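By this note's numbering, the letter at position 172 of the sequence shown is numbered 453, and the numbering carries on one by one without gaps. So the structure is just underneath, and the comments pick up after that.
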Amino acid sequence: MSSTPCLYGSEAWTEYLAERTLPVRVSILTRFKRLLQDDNTTLQQLSQLIRSDPVLSLQVTRIAQKLHAAKGSSVTSIDHAVNSVGLDQLALLAEGLQSLKISPRNMQQKMYFRAIADSLHASSQAAELCRQRGLPFVEEVRLAALLYGFGHWLLWLHAPLHKHEYQKKVLLEKVDVALAEQDVFGCTVQALSAELAKHWGLPELTLAALDHDTSPSRSDLQLLHRRALKDPRLGQLEQREINQLTQERFFPVKLGNWLALTSTRGWQSKKTLRLYDIAADFLSWPRDRLVAQLHQTCAEASRQYHVPGTLSPAAQMLFLPSEETLSGLIESRELQQLKQHYPPPEKPVLKKPEPPHEEHHTRERPAVTTHASEGLYTQILQRLQDGYSLYTKPAHILQALLQGLHQGLGIGRIALLLINPKKRLLHCARTLGIADTAAINQLIIDIEIPSLFKRLTDKPAGIWLDRAKRKTLRPMLPDPFIEAAHSGDYLLMSVFHKGEPLAILYADDGDDAEHLSEFQYEQFRQLCAAATLALKRL
């Protein structure tokens with residue numbers, strides 16, 4: 282697989298996976314062909330079989346959606362897809378399908394089938410949420426929720442080494458799942474699936490559910506909770522906004538998959554318990570009633586899809602919480618075999634080599650306790666705190682902040698990481714004291730992915746990352762940032778403009794300085810806080 286290009290980012294993954302096949306279970310394909318050869322078989326019987334297997338459902342839906350796209354319509358259920366395709370097309374599909382019989386010792390295959398079982402579980406939960414709310418689009422939601430997780434199926438089958446690396450980050454290093462996906466794949470699996478869904482022309486609701494932009498914000502979920510509590514302070518406009526969210530077809534699709542993909546790592550984890558509350562708010566039910574319904578639906582879904590040798594979603598409910606549950610880690614012998622057939626986890630090399638230093642020695646130096654230019658630092662601080670007539674734009678304040686930190690305080694290296702509010706991306710806009718070839722100049726971070734940067738954009742905050750803190754916070758730091766940051770101490774602090782995050786300041790004192798001082802940290806925080814105050818006045 283050495284000739285395979287570096288797989289990193291949604292575009293590369295879409296190109297790699299777009300033409301890959303997904304095999305169905307041997308037993309399903311055998312029954313499918315047998316039904317098609319029987320003259321007495323009805324479309325209803327075929328629909329029932331197709332509905333029981335997510336991979337077969339995906340294949341039939343793709344064919345049906347191509348037919349509907351020409352008419353400007355969309356597939357709304359498995360029955361709709363089967364009726365649209367017809368017996369002749371189904372017979373052609375059956376001849377081209379590949380099958381797979383699970384090997385009891387093959388972790389890759391087990392996780393492939395388990396990912397499929399998780400999708401069937403998600404579709405059952407999403408449909409039940411709709412049914413309990415009395416919504417009219419139950420079967421359309423069931424189909425979209427079933428297809429939502431197909432990216433995980435493809436990755437386990439065609440990129441098991443990447444999936445193994447992802448599992449190590451989540452299970453052993455305790456990295457958040459979305460951040461681990463970003464680190465390993467260069468994008469979230471949801472974003473990858475969204476690109477593939479567009480390429481394959483999947484139904485409209487599947488595309489809407491996979492779109493990151495349709496995901497509810499934290500404030501949306503807070504409004505949902507207040508509505509469930511019947512908060513009298515909830516305004517008419519807020520009530521209308523949250524009612525619109527709960528009536529969207531994509532919301533139960535997302536919620537069903539969140540529940541299925543999170544509960545597979547433990548029904549009592551913090552994230553799963555949080556999802557209980559969101560689902561309970563959605564139905565306006567007490568949590569106990571909601572949990573009982575979730576468990577019942579999970580058990581029913583597990584009975585619909587049984588693959589010997591794999592762990593059904595319902596079986597997870599029976600286990601006590603344990604640190605020893607490491608399902609999905611591939612043993613070394615199997616890994617060696619897989620390395621001969623599948624691409625290895627690699628990342629594009631963005632960093633250009635810096636010019637070699639003639640003499641470079643890390644040295645200990647006394648702790649810094651004074652400014653490089655106290656007069657300049659004090660002048661800029663007072664102007665930011667008290668106001669200054671020439672500061673009329675955010676750019677003026679940021680420029681003064683950089684000058685105060687670099688020339689006034691004397692911190693050797695500064696990077697201004699600006700936030701794009703529409704794309705929610707953090708990128709390096711300007712540096713001082715840092716070589717143009719340094720990796721931090723090319724740094725781009727998605728602040729919607731749970732990480733330390735997402736927390737810094739929630740409210741103005743600063744942090745001093747020494748070696749001890751970096752080790753503790755490693756699960757919250759994106760890999761590209763770790764590779765770009767200084768090996769010694771560095772500082773981070775967010776700056777806000779009228780309540781919205783504008784930028785994050787990065788600072789370290791250069792290659793020759795492994796440690797920063799309490800004085801530098803406090804002065805850094807003071808000037809950044811003053812900049813936020815000045816921006817608030819604009």
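Yeah, the Cβ is synthetic: ideal placement off N, Cα and C, and Gly gets one too. All values derive from a computational prediction rather than experimental measurement.
Inter-residue Cα distance where the pair is residue i and residue j
i, j, result
"Leu697", "Gly668", "22 Å"
"Leu707", "Lys347", "38 Å"
"Ala676", "Ile728", "21 Å"
"Thr527", "Leu327", "33 Å"
"Pro625", "Glu612", "16 Å"
"Tyr771", "Ala407", "45 Å"
"Leu619", "Val341", "30 Å"
"Tyr429", "Arg386", "28 Å"
"Tyr447", "Arg395", "16 Å"
"Val458", "Thr323", "43 Å"
"Trp566", "Ala560", "8 Å"
"Asp424", "Ala461", "The sequence as given places Leu at residue 424; Asp does not occur at that position. Spanning the two alpha carbons is a distance of roughly 28 Å."
"Ile763", "Thr673", "35 Å"
"Ser358", "Ala716", "56 Å"
"Pro257", "Leu491", "Residue 257 is absent from the model: the chain starts at 282 and stops at 819."
"Ala681", "Gly516", "41 Å"
"Ile700", "Lys779", "14 Å"
"Arg705", "Arg312", "48 Å"
"Thr302", "Glu615", "22 Å"
"Gln370", "Gly415", "35 Å"
"Leu718", "Pro759", "The sequence shown places Thr at residue 718, rather than the Leu named in the question. Whole-angstrom Cα-Cα distance: 20 Å."
"Gly822", "Ile725", "Look at the range of the chain in this structure, 282 to 819, and you will see that residue 822 is not part of it."
"Lys850", "Gly467", "Here the chain comprises residues numbered 282 to 819, so residue 850 is not present and cannot be evaluated."
"Leu786", "Leu310", "57 Å"
"Glu581", "Glu476", "32 Å"
Beta-ladder partner(s) of residue i, from DSSP
i, result
"Pro782", "Phe777"
"Asn364", "Asn364 is not bridged to any residue."
"Cys709", "Leu698"
"Trp745", "Leu772"
"Leu348", "None; Leu348 has no bridge partner."
"Ile715", "Per DSSP, none; premise fails for Ile715."
"Leu306", "Note that residue 306 is Arg in the sequence shown here, rather than Leu. According to DSSP, Arg306 bridges with Leu381."
"Tyr669", "None, per the DSSP bridge assignment."
"Ala788", "Ile695, Leu772"
Three-state class that DSSP yields for residue i in the structure shown
i, result
"Tyr289", "coil"
"Ala225", "One cannot answer for residue 225 here, as it falls past the ends of the chain, which runs 282 to 819."
"Tyr393", "helix"
"Ser328", "helix"
"Ala375", "helix"
"Glu635", "Bear in mind that the predicted position of Glu635 carries a pLDDT of just 49, short of 50, making it unreliable; the figure below should be weighed with that in mind. Looking at Glu635 - three-state DSSP - the assignment turns out to be coil, as it is neither helix nor strand."
"Ile725", "strand"
"Cys579", "helix"
"Pro594", "helix"
"Ile523", "helix"
"Ile359", "helix"
"Ser404", "helix"
"Ser354", "coil"
"Asn387", "coil"
"Thr643", "In this predicted model, Thr643 has a pLDDT of only 49, less than 50, meaning its place in the structure is not dependable; the value taken from the coordinates is given anyway. Residue state, collapsed to three classes: coil."
"Thr659", "helix"
"Val548", "The displayed chain sequence assigns Trp, not Val, to residue 548. Coil."
"His796", "coil"
"Asn538", "helix"
Whole-angstrom C-beta distance between residue j and residue i, which should lie under 8 Å
i, j, result
"Asp399", "Thr545", "6 Å"
"Ile523", "Leu536", "Contact doesn't hold; Cβ gap of about 14 Å is too wide."
"Ala742", "Ser775", "6 Å"
"Val465", "Ser380", "About 29 Å; that fails the 8 Å criterion."
"Ile692", "Gln801", "6 Å"
"Leu298", "Leu435", "5 Å"
"Ala440", "Ala426", "Between Ala426 and Ala440 the Cβ distance is about 23 Å, and since that is not below 8 Å, they are no contact."
Burial state of residue i, where buried means 16 or more other Cβ atoms lie within 10 Å
i, result
"Gly656", "exposed"
"Leu849", "The chain is shown from 282 up to 819; residue 849 falls before or after that span and cannot be answered."
"Glu635", "Confidence in Glu635 is poor, its pLDDT being 49 and thus under 50, which makes the residue's placement unreliable; the coordinate value appears in the next sentence. Exposed: under 16 other Cβ atoms inside 10 Å."
"Val881", "This structure leaves residue 881 out entirely; the chain is present only between 282 and 819."
"His349", "buried"
"Glu627", "exposed"
"Thr753", "exposed"
"Thr295", "buried"
"Gly769", "buried"
"Ser593", "buried"
"Glu803", "exposed"
"Thr469", "buried"
"Phe600", "exposed"
"Arg332", "buried"
Residue i at chain B interface by Cβ criterion, 8 Å
i, result
"Ala580", "Looking at the structure shown, chain B is missing, and only one protein chain is on hand."
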